[in-house]
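Since the structure comes first, as structure tokens, the remarks are kept for the end.
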Amino acid sequence: MRHCHTPLANRGAWPRAPRDRAASSPHCPGRCASRWKILPRPRRICNVRPSGVITLLTDFGLADFFVGAMKGVILSIHREATIVDLTHLIPPQDIWGAALTLAESSRTFPEGTIHVAVVDPGVGSKRRAVLIETARAFFVGPDNGLFTLALEDDPPQRVIHITNERFFRHPVSRTFHGRDVFAPVAAWLARGIPPSEFGPEIANVVRLPIPPVEQLSETHWRGQVIHVDRFGNLITNVTTRDVPLEALREGGKLLVNGHEVSALRTHYQEAAEGEVFALIGSTGRVEIAIRQGSAATALGVDRGATVEILLPRGGPTAPARDR
Numbered sequence: 007m008r009h010c011h012t013p014l015a016n017r018g019a020w021p022r023a024p025r026d027r028a029a030s031s032p033h034c035p036g037r038c039a040s041r042w043k044i045l046p047r048p049r050r051i052c053n054v055r056p057s058g059v060i061t062l063l064t065d066f067g068l069a070d071f072f073v074g075a076m077k078g079v080i081l082s083i084h085r086e087a088t089i090v091d092l093t094h095l096i097p098p099q100d101i102w103g104a105a106l107t108l109a110e111s112s113r114t115f116p117e118g119t120i121h122v123a124v125v126d127p128g129v130g131s132k133r134r135a136v137l138i139e140t141a142r143a144f145f146v147g148p149d150n151g152l153f154t155l156a157l158e159d160d161p162p163q164r165v166i167h168i169t170n171e172r173f174f175r176h177p178v179s180r181t182f183h184g185r186d187v188f189a190p191v192a193a194w195l196a197r198g199i200p201p202s203e204f205g206p207e208i209a210n211v212v213r214l215p216i217p218p219v220e221q222l223s224e225t226h227w228r229g230q231v232i233h234v235d236r237f238g239n240l241i242t243n244v245t246t247r248d249v250p251l252e253a254l255r256e257g258g259k260l261l262v263n264g265h266e267v268s269a270l271r272t273h274y275q276e277a278a279e280g281e282v283f284a285l286i287g288s289t290g291r292v293e294i295a296i297r298q299g300s301a302a303t304a305l306g307v308d309r310g311a312t313v314e315i316l317l318p319r320g321g322p323t324a325p326a327r328d329r
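Following the working numbering, the numbering of the sequence shown begins with 7 at its first residue and continues without gaps.
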């Protein structure tokens, strides 16, 4: 932790907050009396400063106005913002798929990036809106488990319940908090408004259950498929931290829902055409693939399918940290 005494805004002066709609003046009792208020420079403990980079991840698709509206709100508040689309093609309401995509994407961005994620089946309900500050980044979105996997590697330093409507776009739609709550909050945060201005600090956020890799014996592990990518590759929760996977090259077996998969390969071209095989993908997880085809279609499996790994007896055992 380091003490931060300088304003977070890029231009040196502390940014002006949105108008207080209730303000009035003896000279003009109407709305024209409202003024932008200069916020004080708070002394606070800070880990990271907003960089001006804002990412967007949603299940909105690309056919409607939703994504463009969010970008318009952000740029209306902070024209110098750099907006990056992670994806808007998350399957509708697929919180787990969004959580995995966000976790794998967010770790590649520079410090101070603000990640806005909106896969929000509970929009308009009592689910909370949150701003999460970590040692490296900020996350803004609904408190529905969307940030579970990103926070595994980058734990929260502070969690804010977003309640201060001064930073919202008005009127606030009950069905589009991406535009009216999350986009403006991200933009004001990028401008340098400190997280504490957006609402009270809370103790925790909603976490999705993370399926474990079970060790059933010295040579037998069970995991599951946690994602199917657009190529039909089956992404599992099994990593080299859980299982000594190189032993699969020496006669072990890997089964997906009872279907035996060929030995571990190092890359796609090493497999024969049409062969279903395993490899360690770019995320460090075991993947099941088929050369020039879809493993999901060929095996008839989807997310949640059981993955079993059986190693030769007398071979390597689990890494020491997992025993």
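Ideal Cβ positions, reconstructed from N, Cα and C, are used throughout, including at glycine.
Between which two residues does the alpha helix (DSSP H) carrying Arg197 extend?
Ala189 to Arg197
With 8 Å as the threshold, decide whether the Cβ of Ile80 is near any Cβ in chain D.
Checking the listed chains, one finds no chain D in this structure; it contains a single protein chain.
Kindly indicate the opening and closing residues of the beta strand (DSSP E) around Asp91.
Thr88 to Thr93
Look up Gln230 in the DSSP assignment and say whether it is helix, strand or coil.
strand
Only counting the same chain, and skipping five residues up and downstream in sequence, which positions put a Cβ closer than 8 Å to that of Gly78?
none
Would you say Gly118 and Pro56 are within 8 Å of each other, going by their C-beta atoms?
yes
Shortest alpha-carbon distance to His207 belongs to which of Thr169, His94 and Val73?
For clarity, residue 207 is Glu in the given sequence; the question names His instead. Comparing Cα positions, the closest option is Thr169.
Compute the beta-carbon to beta-carbon distance between Thr93 and Leu63, rounded to the nearest angstrom, for a pair I have assumed lies under 8 Å.
6 Å
Simplified DSSP assignment, three categories, for Val79:
helix
Specify, as a first and last residue, the run of the alpha helix (DSSP H) that Leu106 falls within.
Ile101 to Ser112
Rounded Cβ spacing between Ala311 and Val262 (contact assumed at less than 8 Å):
6 Å
So, are the CB atoms of Asp65 and Pro98 less than 8 Å apart?
yes
Can you tell me which residues form a DSSP beta bridge with Phe145?
His121 and Ile138
What's the gap between the Cα of Val231 and the Cα of Asn239?
10 Å
Alpha carbon of Gly130 to alpha carbon of Gly147, nearest angstrom:
13 Å
Can you grab the Cα-Cα spacing for the pair Gly103 / Gly184, in whole Å?
18 Å
Taking 8 Å as the cut-off, does the stretch 195–211 touch the stretch 164–182 (at least 3 CB pairs, one atom from each stretch)?
yes
Element boundaries [beta strand (DSSP E), containing Ala302]:
Premise fails: Ala302 lies in the alpha helix (DSSP H), Ala301 to Leu305, not in any beta strand (DSSP E).
DSSP puts Arg271 in a beta bridge; with which residues?
Leu285
For a test of the three-state rule: what should DSSP assign to Leu155, helix, strand or coil?
coil
Which of the three DSSP states is assigned to Leu317 in this structure?
coil
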